[in-house]
Every structure is written in structure tokens, then in C-alpha cells.
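See structure below.
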Amino acid sequence: MRRLPVSELKNGMILAKEILDEKGRVLLKKGDPLREAYIRKLGDWGINKVCVETPDDGQPKAAGAGDETSATEIVVPLEITERYERRLDAKFSEFPTNVMMNAIKKAAIRSLALKEARGLSEA
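Numbering (our numbering) for the sequence shown: 2 to 124.
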């Protein structure tokens with residue numbers, strides 16, 4: 002399995018994880034081959050990267066190649082992510098060039114946004 006930016010996805014690649022909306026509804030299923038229309042929609046849904054199946058050499062698999070991986074991608078609405086970015090910008094303002102602190106901030110934003118998208122916390 003390999004996580005790729007949407008810009009690197011190709012027609013026929015196979016999803017390694019389900020893609021769900023913020024309410025848990027399946028948008029695309031694990032094992033679905035990607036089509037050009039789906040790839041365009043991923044950006045509309047605010048998805049930057051997705052997991053695709055890969056053969057042993059690390060290159061993404063196209064339709065017809067098999068690999069069993071169970072996991073799920075959650076679509077986090079952009080407004081949720083942006084809200085947490087604004088909240089954490091002030092807390093991390095003392096460390097604008099610290100690579101480690103920026104990585105922690107990014108992980109915290111993603112974690113908080115995912116929790117809210119899954120309905121585990123409230124804004």
C-alpha cells in the first residue's frame with residue numbers, strides 16, 4: 002500500500018482504503034479502480050492523498066492486481082481543518098520555523114479534525 006497525492010493518481014489504480022464522508026457514508030470502496038472522474042472528485046471532497054494498492058516493488062497497482070488491506074479513509078471537510086488551523090496558529094506562534102513543532106501542530110490539526118469528522122468531539 003502506498004499513500005499518494007491526488008495529483009499523482011492515475012486512471013485504473015486500486016484504492017487500498019475506503020473513502021468516507023464526515024458522516025461515515027462510503028464515497029469510494031476499498032478495491033475500487035480509480036477513474037478520472039473519481040480523481041477529480043477527490044479534490045472537490047478536500048482529499049489531498051489516498052492509499053492505493055501496490056505490488057512488492059512499491060509501485061501503485063492498476064486494476065486487476067490484488068492485495069488485501071483493511072482500512073478506511075475519512076473525508077474531513079476543509080472548514081473543520083481550517084478552524085483547527087486558526088485555533089492552533091496562536092498556540093504555535095512562538096515556533097514559526099521549528100520543523101518539529103510544525104510537524105506536531107500539523108498532526109494535532111489532523112487528529113482534532115478527524116475526531117470531529119467522526120463525531121467523537123465537538124467544535
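Don't be surprised by glycine CBs; every beta carbon is placed ideally from N, CA and C. Nothing here was measured: the structure is a model prediction, and the numbers come from that model.
Quick check on DSSP: helix, strand or coil for residue i?
i	result
Val77	coil
Glu117	helix
Glu54	coil
Leu28	strand
Ile105	helix
Ile48	coil
Leu35	coil
Leu10	coil
Ser112	helix
Glu83	helix
Are there 16 or more other CB atoms within 10 angstroms of the CB of residue i, so buried, or fewer, so exposed?
i	result
Leu79	exposed
Leu113	buried
Val27	exposed
Thr98	exposed
Glu117	buried
Measuring alpha carbon to alpha carbon, tell me which of the options ends up nearest residue i.
i	options	result
Arg119	Arg4, Lys50, Leu29, Ile20	Ile20
Gly13	Arg4, Leu28, Ala38	Ala38
Asp45	Asp22, Ile15, Met2	Asp22
Inspect the beta-carbon positions of residue i and residue j and report whether they are closer than 8 angstroms.
i	j	result
Leu89	Val51	no
Val77	Leu115	yes
Lys42	Lys31	no
Met2	Glu54	yes
Asn49	Val100	no
From the DSSP output, read off the bridge partner residues of residue i.
i	result
Leu89	Bridge partners of Leu89: none, in fact.
Leu5	Val51
Ile15	Pro34
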